[in-house]
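*Asks:* Quick one: structure below, then a few questions.
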Ligand SMILES: Cc1ncc(C[n+]2csc(CCOP(=O)(O)OP(=O)(O)O)c2C)c(N)n1
Ligand SMILES: Cc1ncc(C[n+]2csc(CCOP(=O)(O)OP(=O)(O)O)c2C)c(N)n1
Ligand SMILES: [Mg+2]
Ligand SMILES: [Mg+2]
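Chains as they are written, first to last, in the numbering used here: chain X, 591 to 940; chain G, 591 to 940; chain Y, 25 to 349; chain W, 25 to 349.
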């Protein structure tokens with residue numbers, strides 16, 4: 591399902607991510623990344639609207655403000671890689687090959703979605719295609735990705751990388767620690783991107799960790815550390831591109847830490863009023879989508895007109911897809927087999 | 591029960607550990623530490639003999655070679671402090687106030703021991719006296735000690751410290767990570783001593799972590815780091831004394847890492863044949879008890895005669911105590927109430 | 025007080041405990057200034073400065089901290105953001121908190137609050153009911169209040185007793201359930217560990233707890249039309265289980281249905297039936313039955329969720345079958 | 025082969041799986057060159073270079089790694105050093121491994137080996153039997169072999185099936201139990217999930233599993249003197265439970281005693297009794313009974329331990345009582 595290497599409508603020829611991640615971030619990669627950010631942003635705005643209108647039940651957790659960081663990881667992955675996105679990775683997911691259609695299906699619980707209504711929202715994926723479906727328990731996906739990479743090593747696949755994202759809050763979990771340490775021992779081609787958005791839910795960093803810099807943890811695991819400016823697409827593409835390429839070359843796990851701010855509540859039920867205005871107005875609070883647009887236009891990689899037309903096209907795609915999915919069948923409880931086992935013989939006897 | 595400040599037979603006047611931990615390690619502290627190491631060593635030799643003769647059932651896990659590091663922590667603690675020793679801390683335990691008698695009672699399962707036969711060996715303590723009884727699950731005691739320190743903060747007790755030991759293998763647990771991070775956030779007066787004895791059971795360090803130096807983890811937690819020479823009593827006393835004093839002054843958690851070797855199997859069932867001879871013969875493999883004796887004698891803090899007479903006295907105490915405990919009653923199953931609850935009303939109705 | 029929700033009762037119990045007992049403090053993610061994911065600690069951090077503390081995302085260490093504080097005489101309450109995340113604190117709960125008193129004689133008076141149970145759209149990881157997991161372990165008390173009054177008095181009780189308590193509060197009841205007033209003291213409530221006859225009846229006994237009490241009561245109402253008079257027993261605590269009250273009820277009715285929102289294997293329903301079959305075999309006029317969640321993770325889609333868990337109508341169906349046995 | 029222990033059977037099953045299936049690898053603490061705390065992987069690292077890997081002390085990540093590898097087509101076996109430490113990998117087992125197939129359709133064929141159960145002097149943290157905890161969760165298979173042959177064939181089965189398997193191997197049986205030879209193929213064994221009549225009888229049925237099968241058999245022998253003929257059913261797997269075989273046995277004997285080494289609340293015994301009471305009520309001539317460990321952590325002292333767990337003589341006592349009911 592990975593379309594990282596496909597060209598599609600998003601740009602013209604894309605260089606392979608291997609090349610683009612060597613040193614300079616190229617035009618096409620940036621264009622594709624920007625377009626994907628736009629898709630994520632507009633799709634998430636639609637999800638929020640569907641939540642407010644009661645069409646989505648449960649929680650809606652958005653990545654607004656984190657699209658640049660998220661997409662930068664997604665676009666550097668390719669078919670055969672492993673990707674375990676977390677809460678705020680709509681952009682990375684789309685870049686890795688998830689679709690607007692399956693996102694909407696999963697949130698709306700359509701029986702045609704990959705999760706078939708059994709799980710929803712951010713808890714989606716297609717593990718058999720390298721796209722892991724996160725469990726809620728933060729930190730758990732780090733070692734899971736390690737495991738997939740160990741399998742690739744057994745299979746003799748040398749050039750695959752595995753990647754996952756996590757918030758700064760998630761780095762407090764034992765699971766994160768064990769996974770990082772294990773990755774380092776096995777020298778796995780793992781890239782972990784920490785989105786330090788200053789809050790885990792309402793909890794500010796001073797109640798989450800006490801080191802002056804989360805990047806200092808890299809040395810404690812014996813892995814390489816990289817810092818990215820979390821709302822600067824060009825920087826994220828460069829830094830993460832380098833991290834991914836380094837991992838791919840077999841130089842072991844890479845930890846990327848990026849500061850930024852989520853420009854939205856923890857979930858759509860949350861107004862984030864605990865984030866002080868002054869922080870929102872600081873450079874951390876600048877909208878990565880705006881910045882990316884400005885920077886692409888400044889470099890003449892994108893015109894205003896093109897950006898506007900992309901916006902319209904994506905808006906249309908999102909709207910049309912949503913209307914379609916809203917008419918799709920809900921899962922029918924009477925057709926479920928209510929059986930958690932994979933082994934056919936285990937259906938009856940529990 | 592803490593006797594850290596008592597004088598007893600071990601030396602003449604002992605300065606308070608506050609003083610001794612400021613800069614120079616004093617004569618009396620060293621003498622007391624050495625004497626306690628001797629007790630630990632001879633007591634553990636007896637435990638090994640009792641195990642071999644079938645008197646102790648289950649496991650016997652000894653701290654031979656780690657007495658200097660262990661005792662250095664124990665002697666710097668005082669009444670009102672919290673201490674959660676781990677596997678190889680017979681020396682630290684005795685320094686903190688545990689006794690030869692209760693150690694033997696616990697190993698032999700005497701009903702008169704503090705654990706009353708319900709738990710045994712290293713899983714002993716008197717939590718209500720600040721002496722925590724470790725559970726086996728490595729890493730778990732870090733946050734437990736944090737909790738006791740939080741309680742002390744609530745009680746307005748300002749000068750207490752909490753301390754625990756762990757092997758380098760235990761640092762791979764999520765529990766260790768969460769506890770360290772939490773201690774740093776709360777800026778607790780916690781001292782964690784990592785005894786890096788190069789092996790966790792049979793597993794060499796290259797399969798346990800990949801950082802070049804475990805001390806690098808201190809920065810990742812935002813805590814102070816200290817290095818001690820694990821089999822050098824004078825160095826351990828100095829470094830740990832400083833760490834304890836710093837914590838006591840309110841300057842937050844202190845992580846001490848010391849390299850050394852255990853001079854014995856993981857347990858008495860294990861011959862440690864996986865430890866290469868060359869490592870045993872390296873400086874890491876030098877016996878801390880020998881070294882301590884030499885160093886004390888060289889400084890004229892101890893004479894050969896005195897050392898020999900201590901040896902005899904301790905040997906005698908251990909032998910006599912063992913004979914006594916061997917005659918003590920085993921717990922009687924029919925007198926047990928087989929009730930895990932503390933609330934009296936919960937005895938019957940489960 | 026005009027109308028108090030189950031959630032507000034939990035908040036008020038904590039407020040009262042903080043006020044009356046200096047040993048009490050609360051520790052959990054986002055519970056300070058923010059007041060908690062469900063607002064169970066709203067305003068408490070302001071009212072009790074330094075005693076309602078935000079925790080890092082470290083469930084293992086959160087429980088460890090509570091244990092260590094309890095050893096030193098405090099009465100910590102740990103709020104798990106969801107019951108489901110207590111799996112990450114599982115080791116400290118079952119291996120340290122549950123064993124401490126037996127091993128060392130030192131009590132471990134901690135309360136771990138678990139926002140439990142399913143709500144529509146919450147999915148596999150924000151819907152679990154873990155009472156059976158914790159109740160398996162000697163040394164743990166497991167409470168499952170079904171009413172606003174019980175949420176209040178039982179939480180106060182949980183804080184006051186010397187044993188570790190797993191307090192399973194049901195998220196579905198948080199806002200749905202209301203009471204006019206609260207008992208002024210726990211003593212006004214049933215004694216600790218006693219079950220309650222939530223509805224007296226004659227023809228069959230339903231044993232339930234937590235949110236399922238309300239499904240059971242609704243089912244019992246439904247069966248009035250069929251001419252049946254169903255007794256509903258609310259367990260209140262699932263460890264200890266008040267076997268006497270259950271047996272007395274079965275002695276009256278001769279028939280037993282146990283309803284649990286959790287999975288069947290080794291759940292409360294299985295435990296209750298095992299006890300009644302062993303100790304009250306002769307009281308039974310028909311085979312005891314149970315109704316539980318279906319044997320899959322809790323599904324996300326509300327339509328699946330509504331079928332996954334027992335409801336008034338599936339309870340009524342089970343009852344009708346039981347009455348014909 | 026002259027005489028094969030239960031432990032050796034486990035080693036041989038892993039050896040065979042490694043030999044026959046390139047997807048198999050083993051991951052656990054000290055299992056490489058050292059051959060494992062109990063030597064269940066002795067020589068395997070040498071025989072299969074790179075496929076028997078020492079893990080750090082990171083149970084959560086060990087299980088996570090296995091899950092991730094299974095997703096990519098491997099068949100990992102995780103050795104926990106003791107069952108008791110699996111509490112630290114609990115979250116990954118119950119929330120990721122158990123739910124993966126239901127949620128995503130991708131199977132999760134991992135085996136987690138738990139050296140389980142009590143031995144003298146092992147104490148509260150090296151003696152636990154956790155089968156009931158894992159069996160509560162839909163999606164997990166829980167195996168509890170009682171014989172050398174079953175240890176061998178069931179482990180091969182565990183590796184071959186597409187579901188996550190919690191393999192509870194009993195430490196007390198490791199060296200005590202011996203067989204002359206092993207079945208050459210799992211197919212020679214009972215089908216997966218089938219219970220075994222370990223001893224046919226007429227007067228009462230004991231249902232047991234793992235080490236307790238042998239206590240049950242000894243008790244049955246003891247009751248021969250009293251003139252009773254006791255049937256012993258060995259469950260083999262506790263999830264799924266072979267209810268049909270149990271019911272058929274109870275239909276023959278009319279009396280049921282279930283014995284489990286774990287704690288009673290929500291344990292295998294409780295689950296079996298609940299099933300028989302619900303589905304085979306009419307087959308029972310007397311109230312079904314259970315015998316479990318006492319309600320405390322597993323004690324250290326051998327004298328306490330010997331009373332804490334069921335033994336042949338306490339099983340015999342329970343039987344005598346049952347036969348008089
Ligand atoms: C182990 C665990 N505990 C608690 C939670 C509940 N929870 C969900 S998101 C969240 C905050 C996460 O913060 P962070 O990791 O910084 O990510 P962010 O939301 O800021 O992107 C919490 C506490 C969880 N998912 N997992
Ligand atoms: C969580 C956990 N997993 C596994 C074990 C089993 N175990 C006991 S000691 C030990 C090795 C400990 O190594 P280290 O921490 O380096 O301490 P050392 O024995 O070298 O002093 C292991 C794996 C345990 N006690 N806890
Ligand atoms: Mg965050
Ligand atoms: Mg070690």
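C-beta atoms are modelled at their ideal positions from N, C-alpha and C, and glycine is treated no differently.
Does the Cβ of residue 787 of chain G lie closer than 7 Å to at least one heavy atom of ligand 4?
*Replies:* In the second chain, the residue the question calls residue 787 of chain G occupies position 197. Yes, the Cβ of residue 787 of chain G comes within 7 Å of a heavy atom of ligand 4.
*Asks:* Would you please verify whether the beta carbon of residue 98 of chain Y is less than 8 Å from any beta carbon of chain G?
*Replies:* Here the question's residue 98 of chain Y lines up with position 74 in the third chain. Chain G contact via Cβ: present.
*Asks:* With hydrogens ignored, establish whether the beta-carbon of residue 324 of chain W is closer than 7 Å to any heavy atom of ligand 2.
*Replies:* As a working mapping, residue 324 of chain W is identified with position 300 in the fourth chain. Incorrect: residue 324 of chain W has no Cβ contact closer than 7 Å to ligand 2.
*Asks:* Could you please tell me which residues of the segment 148-162 of chain W, in chain order, have their CB closer than 7 Å to any CB of chain G?
*Replies:* Cβ contacts with chain G come from 148, 149 and 150.
*Asks:* Taking the Cβ atom as the reference point for each residue, do residue 328 of chain Y and residue 274 of chain Y lie within a distance shorter than 8 Å?
*Replies:* As a position in the third chain, residue 328 of chain Y is number 304, starting the count at 1. As a position in the third chain, residue 274 of chain Y is number 250, starting the count at 1. No, the Cβ-Cβ distance between residue 328 of chain Y and residue 274 of chain Y is not below 8 Å.
*Asks:* Which residue or residues does DSSP assign as beta-bridge partners of residue 754 of chain X?
*Replies:* Indexing the first chain from 1 puts residue 754 of chain X at position 164. DSSP output for residue 754 of chain X lists X:674 and X:782 as bridge partner(s).
*Asks:* Would you call the segment 708-722 of chain G in contact with the segment 59-68 of chain Y, where contact means no fewer than 3 C-beta pairs closer than 8 Å?
*Replies:* In short, these stretches do not touch, since the Cβ pair count stays below three.
*Asks:* If you draw a straight line from the alpha carbon of residue 29 of chain W to that of residue 38 of chain W, how long is it in whole angstroms?
*Replies:* For the purposes of this step, residue 29 of chain W is taken as the residue at position 5 of the fourth chain. For the purposes of this step, residue 38 of chain W is taken as the residue at position 14 of the fourth chain. Rounded to the nearest angstrom, the two C-alpha atoms are 14 Å apart.
*Asks:* Please report the Cβ distance between residue 713 of chain G and residue 704 of chain G, rounded to the nearest whole angstrom; I am assuming they are in contact, meaning their Cβ atoms lie under 8 Å.
*Replies:* Position 123 of the second chain, counted from the first residue, corresponds to residue 713 of chain G. Position 114 of the second chain, counted from the first residue, corresponds to residue 704 of chain G. Going by Cβ atoms, the distance from residue 713 of chain G to residue 704 of chain G rounds to 11 Å, so no, they are not a contact pair.
*Asks:* Kindly give me the distance between the Cβ atoms of residue 753 of chain G and residue 671 of chain G, rounded to whole angstroms, as I take these residues to be in contact under 8 Å.
*Replies:* By one-based count along the second chain, residue 753 of chain G stands at place 163. By one-based count along the second chain, residue 671 of chain G stands at place 81. With 8 Å as the limit, residue 753 of chain G and residue 671 of chain G qualify as a contact, their Cβ atoms being about 7 Å apart.
*Asks:* Name, going along the chain, the residues of the segment 164-190 of chain Y whose beta-carbon falls closer than 8 Å to a beta-carbon of chain G.
*Replies:* Listed by position, the residues of the segment 164-190 of chain Y near chain G (Cβ gap below 8 Å) are 165, 185, 186 and 187.
*Asks:* Going by the C-beta, is residue 649 of chain X closer than 7 Å to any heavy atom of ligand 3?
*Replies:* Taking the first chain and counting its residues from 1, the one referred to as residue 649 of chain X is at position 59. Every heavy atom of ligand 3 is 7 Å or more from the Cβ of residue 649 of chain X, so no.
*Asks:* Does the beta carbon of residue 671 of chain X sit closer than 8 Å to a beta carbon anywhere in chain W?
*Replies:* In the first chain, residue 671 of chain X corresponds to position 81, counting from 1. No, residue 671 of chain X does not count as interfacial toward chain W.
*Asks:* What three-state label does DSSP hand residue 29 of chain W in the structure shown?
*Replies:* Translated into the one-based positions of the fourth chain, residue 29 of chain W becomes position 5. The answer is strand: DSSP assigns residue 29 of chain W an E or B state.
*Asks:* For residue 217 of chain Y, report the span of its alpha helix (DSSP H) as first-last.
*Replies:* Reading the third chain from its first residue, position 193 is the one you call residue 217 of chain Y. Run containing residue 217 of chain Y: none; DSSP gives neither H nor E here.
*Asks:* Can you find a CB in chain W that lies within less than 8 Å of the CB of residue 864 of chain G?
*Replies:* By one-based count along the second chain, residue 864 of chain G stands at place 274. Interface residue, yes.
*Asks:* Starting from residue 228 of chain W, follow its DSSP beta bridges and name the residues at the other end.
*Replies:* To locate residue 228 of chain W, count along the fourth chain from 1; it is residue 204. DSSP lists W:254 as partners of residue 228 of chain W.
*Asks:* Anything in chain G within Cβ reach of residue 758 of chain X, meaning under 8 Å, just list it in chain order.
*Replies:* Numbered from its first residue, the first chain carries residue 758 of chain X at position 168. Here the premise fails: no neighbours, minimum Cβ distance about 11 Å.
*Asks:* Could you check if residue 757 of chain X belongs to the surroundings of ligand 3, using beta carbon to heavy atom distance under 7 Å?
*Replies:* Numbered from its first residue, the first chain carries residue 757 of chain X at position 167. Yes, ligand 3 has a heavy atom inside 7 Å of this Cβ.
*Asks:* So, residue 265 of chain W versus residue 175 of chain W, is the Cβ gap smaller than 8 Å?
*Replies:* Residue 265 of chain W sits at position 241 when you count from the first residue of the fourth chain. Residue 175 of chain W sits at position 151 when you count from the first residue of the fourth chain. No, the Cβ-Cβ distance between residue 265 of chain W and residue 175 of chain W is not below 8 Å.
*Asks:* Quick check: what's the CA-CA separation for residue 801 of chain X versus residue 729 of chain X?
*Replies:* Numbered from its first residue, the first chain carries residue 801 of chain X at position 211. Numbered from its first residue, the first chain carries residue 729 of chain X at position 139. Distance between the alpha carbons of residue 801 of chain X and residue 729 of chain X: 19 Å.
*Asks:* Is the Cβ-Cβ distance between residue 254 of chain Y and residue 349 of chain Y less than 8 Å?
*Replies:* The residue given as residue 254 of chain Y occupies position 230 in the third chain. The residue given as residue 349 of chain Y occupies position 325 in the third chain. Not in contact: residue 254 of chain Y and residue 349 of chain Y (Cβ atoms no closer than 8 Å).
*Asks:* Could you tell me whether any non-hydrogen atom of ligand 1 is closer than 7 Å to the CB of residue 851 of chain X?
*Replies:* Here residue 851 of chain X refers to the residue found at position 261 of the first chain. Residue 851 of chain X Cβ: outside cutoff for every heavy atom of ligand 1.
*Asks:* With DSSP as the reference, label residue 668 of chain G as helix, strand or coil.
*Replies:* In the second chain, residue 668 of chain G corresponds to position 78, counting from 1. Correct three-state label for residue 668 of chain G: coil.
*Asks:* Within the present structure, is the beta-carbon of residue 765 of chain X separated from the nearest heavy atom of ligand 2 by less than 7 Å?
*Replies:* As a first step, residue 765 of chain X must be located in the first chain, where it is residue number 175. No, the beta carbon of residue 765 of chain X sits no closer than 7 Å to any heavy atom of ligand 2.
*Asks:* Is there contact here, the segment 731-751 of chain G with the segment 691-700 of chain G, by at least three beta-carbon pairs under 8 Å?
*Replies:* Contact between the segment 731-751 of chain G and the segment 691-700 of chain G is absent, because fewer than three Cβ pairs lie under 8 Å.
*Asks:* Can you tell me whether DSSP reads residue 192 of chain W as helix, strand or coil?
*Replies:* Position 168 of the fourth chain, counted from the first residue, corresponds to residue 192 of chain W. Note: residue 192 of chain W maps to strand in three-state DSSP.
*Asks:* Buried or exposed for residue 67 of chain Y, going by 16 or more other Cβ atoms inside 10 Å?
*Replies:* In the third chain, residue 67 of chain Y corresponds to position 43, counting from 1. Exposed, since its Cβ has fewer than 16 Cβ neighbours within 10 Å.
*Asks:* By the criterion of Cβ-Cβ separation under 8 Å, what are the contact partners of residue 775 of chain G in chain X?
*Replies:* To locate residue 775 of chain G, count along the second chain from 1; it is residue 185. Within chain X, the residues near residue 775 of chain G are 796, 797, 798, 799 and 800.
*Asks:* Please list, in chain order, the residues of the segment 917-930 of chain X that have any C-beta partner in chain Y closer than 7 Å.
*Replies:* Within the segment 917-930 of chain X, the qualifying residues are 920, 921, 923, 926, 928, 929 and 930.
*Asks:* Measuring alpha carbon to alpha carbon, tell me which of X:805, X:780, X:880 and X:755 ends up nearest residue 749 of chain X.
*Replies:* The sequence position of residue 749 of chain X within the first chain is 159, counting from 1. Residue 749 of chain X has its Cα closest to that of X:780, out of X:805, X:780, X:880 and X:755.
*Asks:* Going by Cα to Cα distance, which pick from G:654, G:819 and G:647 is closest to residue 626 of chain G?
*Replies:* The count along the second chain starts at 1 and reaches residue 626 of chain G at position 36. The shortest C-alpha separation from residue 626 of chain G is found at G:654.
*Asks:* Threshold first: 4 residues or longer. Then list the alpha helix (DSSP H) segments lying entirely within the segment 690-774 of chain G, N to C.
*Replies:* Listed in chain order, they are 690-698 and 730-744.
*Asks:* If we cut at 8 Å on Cβ distances, does residue 90 of chain Y have a partner in chain G?
*Replies:* To locate residue 90 of chain Y, count along the third chain from 1; it is residue 66. So, interface residue.
*Asks:* To the nearest angstrom, how far is the alpha carbon of residue 226 of chain Y from that of residue 347 of chain Y?
*Replies:* Within the third chain, numbered from 1, the residue matching residue 226 of chain Y stands at position 202. Within the third chain, numbered from 1, the residue matching residue 347 of chain Y stands at position 323. Residue 226 of chain Y and residue 347 of chain Y: Cα-Cα distance of roughly 12 Å.
*Asks:* Does the Cβ of residue 83 of chain Y lie closer than 7 Å to at least one heavy atom of ligand 1?
*Replies:* Position 59 of the third chain holds residue 83 of chain Y. Checking every heavy atom of ligand 1 against the Cβ of residue 83 of chain Y, one is found closer than 7 Å.
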